[in-house]
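Engineer: Chains as they are written, first to last, in my numbering: chain A, 6 to 287; chain B, 867 to 1139.
Cβ atoms here follow ideal geometry from the backbone N, Cα and C, with glycine treated the same way.
1) Do residue 1116 of chain B and residue 1088 of chain B come within 7 Å of each other at the CB atom, strictly closer than that value?
2) Residues in its own chain within less than 8 Å of residue 1105 of chain B by CB, not counting five upstream and five downstream?
3) Which of helix, strand or coil does DSSP assign to residue 40 of chain A?
4) Taking 7 Å as the cut-off, decide whether the C-beta atoms of residue 908 of chain B and residue 918 of chain B are in contact.
5) Strictly below 7 Å CB to CB, what residues from chain B border residue 234 of chain A?
6) Enumerated in chain order, which unbroken segments of the alpha helix (DSSP H) with a length of 4 residues or greater are wholly contained in the region 978 to 1006 of chain B?
7) Considering only the alpha carbon of each residue, which of B:938, B:1108, B:1034 and B:1127 lies closest to residue 925 of chain B?
8) Taking all protein chains shown into account, decide if residue 927 of chain B is buried (16 or more other Cβ within 10 angstroms of its Cβ) or exposed.
9) Which residues, in chain order, does the region 980 to 1006 of chain B contribute to contact with chain A at a C-beta distance below 9 Å?
10) Could you pull the start and end residues of the alpha helix (DSSP H) that residue 1101 of chain B belongs to?
11) So, does the CB of residue 278 of chain A fall closer than 7 Å to a CB anywhere in chain B?
12) So with Cβ pairs under 7 Å, would you call residue 186 of chain A a contact of chain B?
13) Restricting to Cα atoms, I'd like to know which of A:115, A:226 and A:179 is closest to residue 259 of chain A.
14) Just to confirm my understanding: we take residue 1034 of chain B, look at its own chain, exclude 5 residues before and 5 after, and list those with CB closer than 6 Å. What are they?
15) Can you check whether the C-beta of residue 900 of chain B is within less than 7 Å of a C-beta belonging to chain A?
16) At a Cβ threshold of 7 Å, is residue 1137 of chain B touching chain A?
17) Are the beta-carbon atoms of residue 263 of chain A and residue 980 of chain B separated by less than 7 Å?
18) According to DSSP, simplified to helix, strand and coil, what is residue 888 of chain B?
19) Would you say residue 926 of chain B lies against chain A (beta-carbon separation less than 7 Å)?
20) Does the Cβ of residue 26 of chain A have 16 or more other Cβ atoms within 10 Å, making it buried, or fewer, making it exposed?
21) Any Cβ of chain A within less than 7 Å of the Cβ of residue 1126 of chain B?
22) Of the choices A:256, A:219 and A:204, whose alpha-carbon is the least far from that of residue 70 of chain A?
23) For residue 87 of chain A and residue 251 of chain A, what's the separation of their Cα atoms in angstroms?
24) Against chain A, does residue 1077 of chain B count as a neighbour if the rule is that its beta carbon must be under 7 Å from one of theirs?
25) Whose C-alpha, out of A:196, A:65, A:192 and A:109, is nearest the C-alpha of residue 169 of chain A?
26) Straight-line CA distance for residue 938 of chain B to residue 269 of chain A?
27) For residue 890 of chain B, which residues of its own chain have a beta-carbon under 8 Å away from its beta-carbon, when the five flanking residues on both sides are left out?
28) Name, going along the chain, the residues of the region 115 to 130 of chain A whose beta-carbon falls closer than 8 Å to a beta-carbon of chain B.
29) Compute the Euclidean distance between the alpha carbons of residue 181 of chain A and residue 188 of chain A, then round it to the nearest angstrom.
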């Protein structure tokens, strides 16, 4: 049975090699581009057929966007790209990183020390259940409106997703492994960096992926309610002025930002977890 | 070997029983310590009580609100929007995901489409939806469904792709029709992935419901309750008690979904992320 299996596998590997293994990334990107073009064409036809004033065609939106991003004058000294887009993305990135670091450190601590986990369990269980945006009014009240408040708010929301996954993953590490590091007198810091965190990394990345979804929601929400610049702020301003086309341009900017952030995280994950995907495939 | 394992398990079970009580005791201690800090910090003036009321004041407020019909209605509205949004999204995403995951071509195309659309934060659609649908329940539902259909769809497709093809071949060699093979092999085998999708979606759904209520709720739901309390600004414990209540809702939802998941899928070791 086993021999047959191995033989079948070997045969399959040989058979598949010329077809699949050549450039899977290229095939994927080509599909993505084809699908994107397809979506835009359908969208264009749909909006042209409907002729609704709230739904401009994608070509109009794309044409309008550079003007929205780089025009100066009429009240704004700096182009919105520098005054709104970059600050927004910087706050999102800072909040996401802050939340990830806090989540990994706290999660590793709680995962490693069982008693600490017991003390904290009801608290973490409750706090992670509070929908992050419901906490925004409290953040605004305690810290006022501004970038620092927004960064802390995003960190808070991201932290719970990372913390829960890190705690679970570290607690799952087999005690024998940790006992062995004691026997060999490996310093704790080294154990953390070389054994505990790598073992937990697949789950940490899973938490980070949900955390990124949350970070996108939180940065836009925080700019709806507690900011004087940013992509979300511009979005709500253009809506209140009924500048529908400009509003769509800002939505496009958010979509592109979300896509880029996701792609970057996926690339980092693929690189860091190369060993894991390789061992899984067998 | 077998006996040893059983013996070890039995010992572990015996050992685990008295262990449960320190766990509960420690949890209670943790909560009490945190409560004491949250009471002391504002009382000692470390943070101004006007911004951070003592815990006792917040709990007293929550106690009063729990018999206030307006507050209960707001809680019910939030829960209803959450439930309807989740139900609609699940009914759309699970059959669609199963269908798309079955063939190689639809898998690749739908996967690419999802990768493009999923990163768009649903909240960014609120201004548009207000223009088109107004501040209505339909608007909220449209937003929640858009937000949570992707995680469920994505996990369903992955689950269907993950089914062992040999099992499907075996079913076919036992004269199962394609429908039977899907029902008996594909769906049960993909179910844990679907459940993971629903679990992730449920916490995102609650975030989205509360957010849309805060920004465009009009006068329904806990989000609107919190936003209104903040706009008035004089009754700070009211803001905190609203937030606390959303946490209670989240906790209930998480516990129910977690309990269902671990009961239904206790046989399953594979977990999607």
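Structural biologist: Result, derived from the coordinates:
1) no
2) 1092, 1095 and 1096
3) helix
4) Contact: yes.
5) Under the 7 Å cutoff, chain B gives no residues; its nearest Cβ is about 16 Å from residue 234 of chain A.
6) 992 to 999
7) B:1108
8) buried
9) 981, 982, 983, 984, 985, 986, 987, 988, 989, 990, 991, 992, 993, 994, 996, 997 and 998
10) Taken as a continuous stretch (DSSP letters only), residue 1101 of chain B belongs to no alpha helix (DSSP H), as it is neither H nor E.
11) So no, residue 278 of chain A is outside the interface.
12) no
13) A:226
14) Within the same chain, residue 1034 of chain B has close Cβ partners 1047 and 1051.
15) Cβ-Cβ to chain A under 7 Å: yes for residue 900 of chain B.
16) With a pLDDT of 48 at residue 1137 of chain B, under the threshold of 50, the modelled position of this residue cannot be trusted; read the value that follows with caution. No, no contact with chain A.
17) For residue 263 of chain A and residue 980 of chain B, no; Cβs fall outside 7 Å.
18) helix
19) no
20) Note on residue 26 of chain A: pLDDT 48, under 50, position unreliable in the model; the coordinate value appears next. The residue in question, residue 26 of chain A, is exposed, as its Cβ has fewer than 16 Cβ neighbours within 10 Å.
21) no
22) Selected option, being the one with the closest Cα: A:256.
23) Cα atoms of residue 87 of chain A and residue 251 of chain A: separation of roughly 17 Å, rounded to the nearest angstrom.
24) yes
25) A:109
26) If you draw a straight line from the Cα of residue 938 of chain B to the Cα of residue 269 of chain A, it is about 43 Å long.
27) none
28) 120, 123, 124, 125, 126, 127, 128 and 130
29) Looking at the two C-alpha atoms, the distance is approximately 10 Å.
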